[in-house]
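Encoded as structure tokens, the structure appears first; notes follow it.
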Amino acid sequence: MNADFSSALSRPKHADLRNAVIESLKESLSALRDFLGMETIFVSEIEDGQLWFLAVDEASPFLTPLIPDNCMKLDRTLCYWVCNDILPQVIQGNDPVMQTVRRLREDENFQIGLHMSVPITIHPGLPFGTICCFSMKERAPLSDQEIRIFRTMADMISTNLRLQAKISGYVEPIGEDLARMLSAPSIRPVFQPILHFASGRTYGFEGLSRFTDMPHYSPQDMFRLATQYGMGPKLELNATNSILDEAERMQCRSLVFLNHSPDSLLAPSLQARLESYLKSDRQRGLAIEISEQAVIQDFSRLEHRLSALREIGVKIALDDVGQGNAGLAHILALKPDLIKLDRVVVAGLEAHRENRAMVRALLRFAKDIGCELIAEGIERETERAILMELGVELGQGFHLGRPAPLPLLH
1 MNADFSSALS RPKHADLRNA VIESLKESLS ALRDFLGMET IFVSEIEDGQ
51 LWFLAVDEAS PFLTPLIPDN CMKLDRTLCY WVCNDILPQV IQGNDPVMQT
101 VRRLREDENF QIGLHMSVPI TIHPGLPFGT ICCFSMKERA PLSDQEIRIF
151 RTMADMISTN LRLQAKISGY VEPIGEDLAR MLSAPSIRPV FQPILHFASG
201 RTYGFEGLSR FTDMPHYSPQ DMFRLATQYG MGPKLELNAT NSILDEAERM
251 QCRSLVFLNH SPDSLLAPSL QARLESYLKS DRQRGLAIEI SEQAVIQDFS
301 RLEHRLSALR EIGVKIALDD VGQGNAGLAH ILALKPDLIK LDRVVVAGLE
351 AHRENRAMVR ALLRFAKDIG CELIAEGIER ETERAILMEL GVELGQGFHL
401 GRPAPLPLLH
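Counting in UniProt numbering, the sequence shown runs from 1 upward without gaps.
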């Protein structure tokens, strides 16, 4: 990560900007909540993986009172899923989507009467936070007019934020870059080949992203930044769309590997896109890579999603195996079709017999459970030779092929 990126993430948001907006909101929020007949309304700010409550108006306290300047972990909130287009902005208590809400909340007994959340922005397409109202009691659905008024209020808050930002001289150039990425993606897909050692035949390609408008940020920086702003799943979905569009354009029939976090796998639009890609040509194949280092809060929820993906023909790959300490637990829980051996293990094969022993053990384990093992990060011929001697058949790395546009690889 470059220095500018690190300092930007650690810089707190402008306090004067928040305070001016909060003061102007207090009476408006109370009037809007009363007009809608809801129990709770609040304005929040997204920062560093947390949802901070800036202004709150409640008719009666929630199960856990929402207090200004307190926060909740962002990816456990409904606002997070709304911002990433995984949940609709308006959720009625009797909606079929309530079952999805319960899975996200990890609470089968969770029930709301009505919930509405709309992003508020400084940079178009990138949420500063949300305005959210809800009622835990059963109540009549919101009318079209009530929904329009609520969204108008969100637009007014966004306009106020942008005005205050201009007056105070508050700028956030990285936020502008990310907003542009999310609203009008300029992603250049590249593909790194995965080869059979013995024949040199292509087994598949890992689809990767390059951000053409922001060459001063690495791809890892961009995805990390999106996660900090609570927009990681949306950027992952944009990247997958770009990769699959290019694979379709080039009539690729090799297995294409896509990287996704557990959160982005929940998006209905992802499964629809994967299914359309596979149905358009029966010879195509897809694999979803989930990092061994990914924090998986709820294995049962993830298993449900992976089962749905397997039903449409998607393979599941566990990435970075050997780098973290959750490998065996993740393998047993996710039952992957493919295991990708981390480059840290591969780089130490010549010098460390422990690394070679790990490869032998993983290879036996993979065969016993019906998995294929792929070695990543192969940068020297000696590494490829040792892997072949150990019995590994598939590999990926700069020695075998660098990421490149698909036309060049074809």
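Note that the Cβ used here is the ideal one computed from N, Cα and C, for glycine as well. Model, not experiment: these values are computed from the prediction.
Taking C-alpha positions only, I316 is separated from E58 by approximately 45 Å. With respect to the 8 Å criterion, G370 and L341 are not classified as neighbours on the basis of their beta carbons.
In this structure, I187 keeps its C-beta atom at 8 Å or more from the C-beta atom of S218.
Annotation note: the region 160-242 contains the following uninterrupted alpha helix (DSSP H) runs of length 4 or greater, listed N- to C-terminal: 173-183, 219-228. Here P127 carries a strand assignment [DSSP, helix/strand/coil]. Distance from the CA of S242 to the CA of P193, rounded to the nearest whole angstrom, comes to 18 Å. Ranking S264, A272, G348, P268 by CA distance to the CA of I290 puts S264 first. A check of alpha carbon separations from G313 across L54, V345, G125, A287 identifies A287 as the nearest. Separation of the CB atoms of L225 and L161 is rounded to 20 Å, and the pair is thereby denied contact status at 8 Å.
DSSP places S307 in the uninterrupted alpha helix (DSSP H) bounded by 299-311. Under the three-state reduction of DSSP output, C252 falls in the coil class, being neither helix nor strand.
The beta-carbon distance between R253 and Q228, rounded to whole angstroms, is 37 Å. This is too long to meet the 8 Å contact definition. Relative to the Cα of A31, the nearest Cα in the group A165, E376, E146 belongs to E146. With contacts defined as CB atoms closer than 8 Å, T130 and C83 qualify as a contacting pair. Residue environment for N238: buried (at least 16 other C-beta atoms within 10 angstroms of its C-beta). E381 sits away from Q396, with the two beta carbons spaced by 8 Å or more. Q396 sits in coil when the DSSP states are folded into three classes, being neither helix nor strand. In the three-state reduction of the DSSP assignment, K335 falls in the coil class. The shortest C-alpha to C-alpha distance from E303 to any of E27, F35, G285, H330 is the one to H330.
Across the structure, L74 and F257 are spaced so that their CA atoms are roughly 28 Å apart. Note that the region 50-57 does not touch the region 194-206; fewer than 3 beta-carbon pairs, one per stretch, sit closer than 8 Å. For the pair C79 and C132, the CB atoms are nearer than the 8 Å cut-off.
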